[in-house]
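Visitor: Numbering (the numbering used here), first residue to last: 468 to 793.
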Amino acid sequence: MHQISFMTILMQSHDSNVKAARETLNDLVGSFGFYPENSLIIRWIKRGKVVLTQRCDVAAFVSPEGLSQSDVEIYLEPGQTYFAEEAVIVICLDNVNPRVHEVIEVVGSGMAHANITLVDAFIVVGQHIISSGCGGDCQPHVALTDTGVSRLDREKQCASNPALLIDANEFPQLPKPESLNAWRATESLFVQDRLSRAGGPLALGEIVRLTVAMGDIRVRDSILWDMANGVFDRRLVASLLTDLLPKLDAKHGASIATCAAVCWWLNGNGAMANLCVNRAVNDLPGYSLAIMVRTALEHALPPSFWLESINELTRDQCLSGLEVAP
Numbered sequence: 468m469h470q471i472s473f474m475t476i477l478m479q480s481h482d483s484n485v486k487a488a489r490e491t492l493n494d495l496v497g498s499f500g501f502y503p504e505n506s507l508i509i510r511w512i513k514r515g516k517v518v519l520t521q522r523c524d525v526a527a528f529v530s531p532e533g534l535s536q537s538d539v540e541i542y543l544e545p546g547q548t549y550f551a552e553e554a555v556i557v558i559c560l561d562n563v564n565p566r567v568h569e570v571i572e573v574v575g576s577g578m579a580h581a582n583i584t585l586v587d588a589f590i591v592v593g594q595h596i597i598s599s600g601c602g603g604d605c606q607p608h609v610a611l612t613d614t615g616v617s618r619l620d621r622e623k624q625c626a627s628n629p630a631l632l633i634d635a636n637e638f639p640q641l642p643k644p645e646s647l648n649a650w651r652a653t654e655s656l657f658v659q660d661r662l663s664r665a666g667g668p669l670a671l672g673e674i675v676r677l678t679v680a681m682g683d684i685r686v687r688d689s690i691l692w693d694m695a696n697g698v699f700d701r702r703l704v705a706s707l708l709t710d711l712l713p714k715l716d717a718k719h720g721a722s723i724a725t726c727a728a729v730c731w732w733l734n735g736n737g738a739m740a741n742l743c744v745n746r747a748v749n750d751l752p753g754y755s756l757a758i759m760v761r762t763a764l765e766h767a768l769p770p771s772f773w774l775e776s777i778n779e780l781t782r783d784q785c786l787s788g789l790e791v792a793p
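1) Measure the C-alpha to C-alpha separation of His766 and Phe772 and round it to an integer number of angstroms.
2) Does DSSP put Tyr542 in a helix, in a strand, or in coil?
3) What do you get for Phe550, buried or exposed, if any count of 16 or more other CB atoms within 10 angstroms of its CB means buried?
4) Does the distance from the CB of Leu662 to the CB of Lys714 come in under 7 Å?
5) On a Cα-Cα basis, can you pick out the residue from Gly515, Tyr542 and Arg514 that is closest to Cys523?
6) Quick one: complete alpha helix (DSSP H) runs, 4+ long, within the segment 641-724?
7) Drop a sphere of 10 angstroms on the beta-carbon of Thr725, count the other beta-carbons inside from all chains shown, and report buried for 16 or more, exposed for fewer.
8) Do you know how far the Cα of Trp511 is from the Cα of Leu797?
9) Since Glu553 is in the alpha helix (DSSP H), which residue starts that stretch and which ends it?
10) Among the candidates Leu751, Leu703 and Arg701, whose CA atom is the shortest distance from the CA of Ser722?
11) Use the C-beta contact count for Leu786: other C-beta atoms within 10 angstroms, 16 or more gives buried, fewer gives exposed.
12) Nearest to Leu560 by CA position, among Ser506, Leu492, Ile777 and Leu647, is which residue?
13) Could you say which of Leu764, Arg489, Ile583 and Val616 lies nearest to Phe501 if we only look at CA atoms?
14) On a CA-only basis, which of Gly720, Thr520, Phe589 and Glu622 is nearest Val563? Give me that one, please.
15) State the start and end residues of the unbroken alpha helix (DSSP H) segment that holds Ile844.
16) Out of Asp688, Asn734, Phe499 and Ile684, state which residue places its alpha-carbon closest to the alpha-carbon of Asp620.
17) Could you tell me how far apart the beta carbons of Pro503 and Arg618 are, in whole angstroms, since I believe they sit closer than 8 Å?
18) Let's see if you can read the secondary structure: which residues bound the alpha helix (DSSP H) around Leu764?
19) At the level of alpha carbons, what is the spacing between Ile558 and Glu569?
20) Determine which residues share a DSSP beta bridge with Thr584 and list them.
21) Give the secondary structure of Ile471 by DSSP, where H, G and I count as helix, E and B as strand, and everything else as coil.
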């Protein structure tokens, strides 16, 4: 009788873990906006609440040479930065990899060294999911997840698309130096107005005007100030700017991609922010704002870092008062 009750409790606990795994996976897909294939994801938890979701490419962990303990510690630094007490690992794979359990063991060991408890680990392969609580005779459970858009698909959507590129002759020229300040003031208000009404389509003339305006550092920074101070619906603006990227070549894409990355970051979606900032750095490797944003994302700095930095200035200073690096 006691044995039956004990087994029933174990089965109920296991079923609960699998249910939690499905819910976690669906939550991640909804949060990222894409299915994170070939990813190792860590949900850092403090006082029972998720304080950070961190995504890494799983390839580095399952490569033949693997990762050293010091390498693993670098990946775990964000959890320590957020003073996490617990963590959940989710590994999404296209195909079964025999080294995946070793990865969980190594990462879990690193967490234990940092006094962080690994609560559970889930392995997802296609539409099947395995919990760390599954025994050797346990069959993979159906994930019941709508994978939708993959990370690779979303990455392609952030890249230039030759079939959609706007002809270079469509973009307006910058004014002469003596007219630049007046032009900046006018264009900053134009971009502010268009982004305030994000959600509808932009005409070609609006797209090219907005792109050239945001390519100017001061106009760009005035719009980033607006973005930080709630002038726009950041969810709509992030999508609008990202949707422009396939239409823009490398010459025009970096500033738009960087602003999209900042917007996604402020929305709490570091995964999309990384895709956009990678586009910016690929377009213009020396673009200092993109490099700064990518570094902040790599170190899992919270959006408050950006908000505190940009709010040291007024909008007028962003537009015309201080010289800043491009």
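Every residue gets a Cβ at the ideal spot worked out from N, C-alpha and C, and that includes glycine.
Guide: In terms of the structure at hand:
1) Counting from one through the sequence shown, the residue named residue 766 turns up at place 299. Counting from one through the sequence shown, the residue named residue 772 turns up at place 305. Going from the Cα of His766 to the Cα of Phe772 covers about 11 Å.
2) For the purposes of this step, residue 542 is identified with residue 75 of the sequence shown, where counting begins at 1. Correct three-state label for Tyr542: helix.
3) For the purposes of this step, residue 550 is taken as the residue at position 83 of the sequence shown. The Cβ neighbour count for Phe550, taken over all protein chains shown within 10 Å, is under 16; the residue is labelled exposed.
4) As a working mapping, residue 662 is identified with position 195 in the sequence shown. As a working mapping, residue 714 is identified with position 247 in the sequence shown. Result no, Cβ atoms of Leu662 and Lys714 do not sit closer than 7 Å.
5) Mapped onto the sequence shown, residue 523 falls at position 56. For the residues Gly515, Tyr542 and Arg514, the minimum Cα distance to Cys523 belongs to Tyr542.
6) 647-663, 671-682, 684-695 and 701-711
7) As a first step, residue 725 is located in the sequence shown; it is residue number 258 there, counting from the start. Classification of Thr725: buried, given that the 10 Å Cβ count is 16 or more.
8) Since the displayed the chain opens at 468 and closes at 793, residue 797 lies outside it and no answer follows.
9) For the purposes of this step, residue 553 is taken as residue 86 along the sequence shown, with counting starting at 1. Per DSSP, Glu553 belongs to no alpha helix (DSSP H); it is in the beta strand (DSSP E), Glu553 to Leu560.
10) Here residue 722 is taken as the residue at index 255 of the sequence shown, counted from 1. Checked all of Leu751, Leu703 and Arg701; the closest Cα to Ser722 is Leu751.
11) One-based indexing of the sequence shown puts residue 786 at position 319. With 16 or more other Cβ atoms within 10 Å, it is buried.
12) By one-based count along the sequence shown, residue 560 stands at place 93. Ranking the options by Cα distance to Leu560, first place goes to Ser506.
13) Reading the sequence shown from its first residue, position 34 is the one you call residue 501. Comparing Cα positions, the closest option is Val616.
14) Counting from 1 along the sequence shown, the entry for residue 563 is found at position 96. It is Phe589 whose Cα lies nearest to the Cα of Val563.
15) This structure cannot settle anything about residue 844, because the visible part of the chain is limited to 468 through 793.
16) Reading the sequence shown from its first residue, position 153 is the one you call residue 620. When each option's Cα is compared against that of Asp620, the closest is Phe499.
17) On the sequence shown, residue 503 is found 36 positions in, with the first residue counted as 1. On the sequence shown, residue 618 is found 151 positions in, with the first residue counted as 1. Going by Cβ atoms, the distance from Pro503 to Arg618 rounds to 6 Å, so yes, they are a contact pair.
18) By one-based count along the sequence shown, residue 764 stands at place 297. Here the alpha helix (DSSP H) through Leu764 covers Ser755 to Glu765.
19) The count along the sequence shown starts at 1 and reaches residue 558 at position 91. The count along the sequence shown starts at 1 and reaches residue 569 at position 102. Roughly 12 Å between the two C-alpha positions.
20) Residue numbering aside, residue 584 sits at position 117 when the sequence shown is read from its first letter. Per DSSP, Glu553.
21) Your numbering for residue 471 matches position 4 in the sequence shown. Residue confidence is low: Ile471 scores 39 on pLDDT, short of 50, so the model does not pin down where it sits. Its coordinate-derived value is still stated next. Helix, per DSSP.
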